[in-house]
Ligand code: 5GP
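In our numbering, the protein residues as written are 37 to 157.
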């Protein structure tokens with residue numbers, strides 16, 4: 037898995053593209069999705085250069101892994117969805133529907149989110 041330094045989230049991390057930031061710490065950045073699929077749709081990414089969850093769990097430190105998952109929960113709290121419920125999702129690869137090759141966890145909420153995955157067409 038070769039990391040592409042010019043993917044859109046790498047460019048956001050370098051400040052070359054703006055984002056609507058929700059949360060940031062030493063290891064993670066969270067920002068609103070540009071094309072939200074729910075009233076709350078936030079992306080949480082590691083600052084390190086990891087293509088996907090597979091790459092991340094293979095190469096990231098325990099500290100980075102803990103930081104990412106703690107940031108996801110923190111973002112749900114900031115967004116105010118913890119009482120009514122929310123969903124986290126990370127697409128991996130072609131069948132997973134991953135479009136941006138920098139690991140990201142989607143945080144959805146703000147309405148009933150429906151079935152876990154779309155029915156096959
Ligand atoms: P994926 O399909 O890879 O799991 O999700 C990629 C997500 O990134 C999509 O929901 C898409 O709307 C979002 N996205 C793509 N480009 C940008 C961008 O430039 N800024 C922001 N904030 N989100 C983006």
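Positions of the beta carbon are idealized from the N, C-alpha and C atoms, including for glycine.
- In terms of side-chain proximity, the C-beta atom of residue 59 is found no nearer than 7 Å to any non-hydrogen atom of the ligand 5GP.
- Within the chosen limit of 7 Å, the ligand 5GP reaches the beta carbon of residue 127 through at least one heavy atom.
- Beyond the five residues adjoining it in sequence on each side, residue 45 comes within less than 6 Å, by CB distance, of 81, 136 and 138 in the same chain, given in chain order.
- A check of alpha carbon separations from residue 73 across 152, 98, 153 and 145 identifies 145 as the nearest.
- Within 10 angstroms of the beta-carbon of residue 89 lie 16 or more other beta-carbons, which makes it buried.
- A residue is called buried once 16 or more other Cβ atoms fall within 10 Å of its Cβ, and residue 67 is buried on that count.
- Closer than 7 Å to some heavy atom of the ligand 5GP: that describes the Cβ of residue 44.
- For secondary structure counted as the alpha helix (DSSP H) over 4 or more consecutive residues, the segment 86-135 holds these complete runs in sequence order: 89-95, 98-115 and 129-132.
- Taking C-beta atoms under 8 Å as the contact rule, residue 103 and residue 63 qualify, at a distance of about 4 Å.
- Annotated as proximal: residue 124 and residue 108, with beta-carbon spacing under 8 Å.
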